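Numbering (our numbering), first residue to last: 27 to 196.
For every residue, glycine included, the Cβ atom is placed at its ideal position computed from N, Cα and C.
Computed from a predicted structure; not experimentally measured.
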């Protein structure tokens, strides 16, 4: 191989390796910031369409209703824990519903209350416990995240309140 070809081959190979390293670093950085949305039942059973199941240490976003009687506040700090259940229309809770415990250290939104729809961003730490870094409460009587709206429309709607709620969102 003549020296000119050898030099070109070295340059092309270096460029390809450099682009591969850059692409790998970009993908690694993006994977650290992706928050997948889950419902409490999907933490246990995996996603309906893909079967993808959350693993310990994974960053995720979870949405559902705060189970009444599940909010526990630490009197000496801002730590609070509560349980989330899937959102259903009409709103109801059952002992057999899969629930996920959310632990949060910070000031909760003013609209946070039992029976309220919330979305929490955090890390799954123990199968069904999420260490939340952010908790968002719905801002309006008629607001519902699109993922939860899709889930609610799959279930039969009997009450006029639920019907009006579904008609006024989006």
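1. To the nearest angstrom, how far is it from the Cα of residue 36 to the Cα of residue 176?
2. Given residue 100, which residues of its chain have a CB within under 8 Å of its CB, disregarding the five upstream and five downstream residues?
3. To the nearest angstrom, report how far apart residue 45 and residue 87 are at their CA atoms.
4. How about the segment 70 to 81 and the segment 128 to 146: do they share at least three Cβ pairs that are nearer than 8 Å?
5. Terminal residues of the continuous alpha helix (DSSP H) containing residue 71?
6. Checking 8 Å against the spacing of the C-beta atoms, do residue 97 and residue 141 come in under that value?
7. May I have the straight-line CA-CA distance separating residue 56 from residue 85, to the nearest angstrom?
8. Quick check on residue 66: buried or exposed, where buried means 16 or more other Cβ atoms within 10 Å of its Cβ?
9. Between residue 155 and the rest of its own chain, which residues show a CB-CB distance below 6 Å, the 5 nearest in sequence each way excluded?
10. Examine chain C for any beta-carbon lying closer than 8 Å to the beta-carbon of residue 163, and answer yes or no.
11. Who are the Cβ neighbours of residue 33 in its own chain at under 7 Å, not counting the five residues just before and after it?
12. Rounded to the nearest angstrom, what separates residue 187 and residue 108 at their Cα positions?
Put simply:
1. As a working mapping, residue 36 is identified with position 10 in the chain shown. As a working mapping, residue 176 is identified with position 150 in the chain shown. When rounded, the distance between both Cα atoms is 54 Å.
2. Looking up residue 100 in the chain shown gives position 74. Correct list, in chain order: 106.
3. To locate residue 45, count along the chain shown from 1; it is residue 19. To locate residue 87, count along the chain shown from 1; it is residue 61. Near 32 Å, if we compare the C-alpha coordinates of residue 87 and residue 45.
4. no
5. Locating residue 71 in the chain shown gives position 45, counting from the first residue. Looking at the DSSP string, the run of the alpha helix (DSSP H) that includes residue 71 is 66 to 71.
6. Along the chain shown, read from residue 1 onward, the residue named residue 97 stands at position 71. Along the chain shown, read from residue 1 onward, the residue named residue 141 stands at position 115. Not closer than 8 Å, so no.
7. Within the chain shown, numbered from 1, the residue matching residue 56 stands at position 30. Within the chain shown, numbered from 1, the residue matching residue 85 stands at position 59. Whole-angstrom Cα-Cα distance: 12 Å.
8. Within the chain shown, the letter at position 40 stands for residue 66. When all chains shown are included, residue 66 counts as buried.
9. Numbered from its first residue, the chain shown carries residue 155 at position 129. These residues qualify, in order along the chain: 127.
10. The structure shown contains no chain C; it holds only a single protein chain.
11. As a first step, residue 33 must be located in the chain shown, where it is residue number 7. Correct list: empty, nothing qualifies.
12. As a position in the chain shown, residue 187 is number 161, starting the count at 1. As a position in the chain shown, residue 108 is number 82, starting the count at 1. For residue 187, the pLDDT reaches just 46, beneath the cut-off of 50, and the residue's location in the model is therefore unreliable, leaving the point undetermined.
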